[in-house]
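Written below as structure tokens is the structure these notes are about.
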Amino acid sequence: MLKTSINPAIFKAYDVRGLYPQEVNEEAARLIGRGFVAYLQAKRIAVSRDMRLSSPSVAAAFIEGARQQGADVVDYGMMGTDMLYFAVARDGHDGGVQITASHNPKEYNGIKLVRREAFPLSGESGIGDIRDMIAANRLPPPAPTPGRLTQQNVVDDYVKHVMSFIDPSIIKPFNVVLDAGNGIAGMVAPRLFAHLPCRVDTLCFEVDGTFPNHEANPLIEENRRDIVERVVATKADIGIAWDGDADRCFFIDGAGEFIAGDFVTALLAEAFLIKHPGAKIVYDVRASYAVKDIVAKYGGTALMNRVGHAFFKRRMREENAIFGGEVTGHYYFRDNFYADNGFIPALLILELMSRKGQTLRELLAPLRQKYFISGEINTRVSDMKKVQEKIDGIEAHYQGGRVYSMDGVSVEYPDWHFNVRASNTEPMLRLNLEATTERIMEQKRDEVLTFIRA
43 MLKTSINPAI
53 FKAYDVRGLY
63 PQEVNEEAAR
73 LIGRGFVAYL
83 QAKRIAVSRD
93 MRLSSPSVAA
103 AFIEGARQQG
113 ADVVDYGMMG
123 TDMLYFAVAR
133 DGHDGGVQIT
143 ASHNPKEYNG
153 IKLVRREAFP
163 LSGESGIGDI
173 RDMIAANRLP
183 PPAPTPGRLT
193 QQNVVDDYVK
203 HVMSFIDPSI
213 IKPFNVVLDA
223 GNGIAGMVAP
233 RLFAHLPCRV
243 DTLCFEVDGT
253 FPNHEANPLI
263 EENRRDIVER
273 VVATKADIGI
283 AWDGDADRCF
293 FIDGAGEFIA
303 GDFVTALLAE
313 AFLIKHPGAK
323 IVYDVRASYA
333 VKDIVAKYGG
343 TALMNRVGHA
353 FFKRRMREEN
363 AIFGGEVTGH
373 YYFRDNFYAD
383 NGFIPALLIL
393 ELMSRKGQTL
403 RELLAPLRQK
413 YFISGEINTR
423 VSDMKKVQEK
433 IDGIEAHYQG
443 GRVYSMDGVS
453 VEYPDWHFNV
463 RASNTEPMLR
473 LNLEATTERI
483 MEQKRDEVLT
493 FIRA
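This is how it looks when you write it as structure tokens:
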């Protein structure tokens, strides 16, 4: 019987991820390839990869394992995670994987896994099953004949699909700074912006898995330094930065200020409701009230939801919601097979600016004057048991407010509200708080943090 030694810790809540080659390596990828095909009973799957130096060999090993198990594999080569979702859903594959560690440093690699219609596998549904199958040596025997391997390129079709979300003829000639972070956006953004009249200034567009300029994680302030400086120096109208696998984009206004994901969700909701009155919009429990208020203003229906892409995609399908946004920069689109995408938001924001004749900073001004958000604040707890104890304690302490327990605990008062939830992957509590003034926000933020950290 085959003996395996994969570190079970690489199997996370949303993907497989770890250091290369100590944790995620070719042998692990080959076994996961076999387990993935066995779990889905897949006949044909899609495989693609990012630009990390280890991704070609990890992808090749995964493909070998999948074919050993009898599945035909279509290799889409190097492309973004959102492009994999497009390929799986459009081409009717039984499943697909992207070899990537997304925004993690260059020492990491990983695997994002989806089933039919690009619906994600998660720790509770699929990833844990594959882990257990490998750990217990319960992989079915290899197929008598290996699956076939073919290559395909989907980039041109993907660009056409993404462009279909806007009317390019109304886009104004904005000055735009783009930072691809040496990731996949560097190969896709030029094809999209070739269709637009914008004057484009590019940073870190050479696809390079060593990330020579900065990590491809725009959520970290130091990784935004270059784009902020360039936006301010050139008096650009907007800055747009992507993470490594280009499934998330982030925005900088003309004064060099970073835009919170809540406010981006609100603007994207507005963009959709202008074109689709009465549509349903899904937002997460952490979000600013800006989202539901904008949705109400434009006659839509705002639906609050649990955090996590599997929960978002399921709810959006159930409700036929046109758009969903998470504060972490994941934006989901019904007409993109309910999958998240890193380029559609950029195009929609440029279209909204053009339609309303306002800069991004002008679009945001009313939100920034009314909604004061803490951003997500993490607190490490000694162990997982303490996490639930803390959440229960918060719920009991704040009984004077309106309490929800959809995802962690959310509490509403007339002039402030907050959500505290557990991290999916480590003993950590995450606080998001908002108030009607900066003073109340800071005071209540400190009060809730004191309670969490007591």
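Under the working numbering, residues 43 to 496 are what the sequence shown spells out, in order.
Heads up, the beta-carbon is just placed ideally off N, CA and C, and yes, glycines get one too.
{"Item": "How about aspartate 29 and isoleucine 269: are their beta carbons less than 7 Å apart?", "Value": "Because the chain is modelled from 43 through 496, residue 29 falls outside the range shown and cannot be assessed."}
{"Item": "Which word fits asparagine 195, buried or exposed, when buried means at least 16 other C-beta atoms lie within 10 angstroms of its C-beta?", "Value": "exposed"}
{"Item": "Our contact map puts leucine 181 next to alanine 80 with C-beta atoms below 8 Å; I'd like the distance itself, whole angstroms only.", "Value": "6 Å"}
{"Item": "Where do the N-terminal and C-terminal ends of the beta strand (DSSP E) with aspartate 117 fall, by residue?", "Value": "114 to 120"}
{"Item": "Thinking C-alpha only, which one of Gly443, Ile169, Ala464 is nearest lysine 432?", "Value": "Ala464"}
{"Item": "Can you grab the Cα-Cα spacing for the pair glycine 341 / valine 369, in whole Å?", "Value": "22 Å"}
{"Item": "DSSP on leucine 44, reduced to helix/strand/coil?", "Value": "At leucine 44, the pLDDT of 46 sits below 50, so the modelled position is not reliable; the number obtained from the coordinates is stated separately. Leucine 44 falls in the coil class under three-state DSSP."}
{"Item": "Using 6 Å as the cut-off, classify the Cβ of leucine 491 as near or not near the heavy atoms of the ligand MG, replying yes or no.", "Value": "Ligands displayed in this structure: none; no statement on the ligand MG is therefore possible."}
{"Item": "Could you tell me the alpha carbon to alpha carbon distance between glutamine 140 and arginine 76, rounded to whole angstroms?", "Value": "15 Å"}
{"Item": "DSSP on serine 97, reduced to helix/strand/coil?", "Value": "helix"}
{"Item": "DSSP three-state call for histidine 439: helix, strand or coil?", "Value": "helix"}
{"Item": "Buried or exposed, going by whether 16 or more other CB atoms sit within 10 Å of the CB of leucine 73?", "Value": "buried"}
{"Item": "By the 10 Å Cβ neighbour count, where 16 or more other Cβ atoms means buried, how is methionine 426 classified, buried or exposed?", "Value": "exposed"}
{"Item": "Assess contact between the segment 162 to 172 and the segment 189 to 203, defined as three or more Cβ pairs (one per stretch) separated by less than 8 Å. Is contact present?", "Value": "no"}
{"Item": "Cα-Cα, which of Gln111, Gln485, Ile323 is closest to proline 188?", "Value": "Gln111"}
{"Item": "In whole angstroms, what is the alpha-carbon distance linking glycine 137 and alanine 311?", "Value": "30 Å"}
{"Item": "Would a C-beta distance cut-off of 7 Å place arginine 356 and methionine 448 closer than the cut-off?", "Value": "no"}
{"Item": "Among all the DSSP beta bridges, which residues are the ones paired with phenylalanine 460?", "Value": "Val453, Leu475"}
{"Item": "Considering only residues of the same chain and omitting the five flanking positions on each side of alanine 352, which have a CB-CB separation below 6 Å?", "Value": "Pro162, Ser164"}
{"Item": "Just the Cα atoms here: how many angstroms apart are lysine 54 and methionine 175?", "Value": "15 Å"}
{"Item": "Between the Cα of glycine 450 and those of Leu191, Gln441, Tyr62, Val429, spot the shortest distance and give me the residue it belongs to.", "Value": "Val429"}
{"Item": "Expressed to the nearest angstrom, what Euclidean distance is found between the alpha-carbon atoms of arginine 403 and leucine 409?", "Value": "10 Å"}
{"Item": "Would you give the residue range spanned by the alpha helix (DSSP H) that valine 270 belongs to?", "Value": "267 to 276"}
{"Item": "Going along the chain, which residues of its own chain have a beta-carbon closer than 6 Å to the beta-carbon of serine 452, five neighbours each way excluded?", "Value": "Val327, Tyr446, Asn461"}
{"Item": "Hey, which unbroken runs of the beta strand (DSSP E) at 3 residues or more fall wholly within the segment 130 to 163?", "Value": "137 to 141, 150 to 157"}
{"Item": "Evaluate the contact criterion for the segment 56 to 75 versus the segment 86 to 106: three or more CB pairs, one atom per stretch, below 8 Å.", "Value": "yes"}
{"Item": "Leaving out the 5 sequence neighbours to the left and right, which residues in its chain are closer than 6 Å to glutamate 264 when beta-carbon positions are compared?", "Value": "none"}
{"Item": "Can you give me the start and stop residues for the beta strand (DSSP E) that glutamine 193 sits inside?", "Value": "191 to 193"}
{"Item": "Between which two residues does the beta strand (DSSP E) carrying tyrosine 380 extend?", "Value": "Premise fails: tyrosine 380 is in no beta strand (DSSP E) and is neither H nor E."}
{"Item": "Which word fits threonine 467, buried or exposed, when buried means at least 16 other C-beta atoms lie within 10 angstroms of its C-beta?", "Value": "exposed"}
{"Item": "Are threonine 343 and lysine 317 close, meaning C-beta to C-beta below 7 Å?", "Value": "no"}
{"Item": "Considering only DSSP beta bridges, list what tyrosine 325 is partnered with.", "Value": "Met346, Gly367"}
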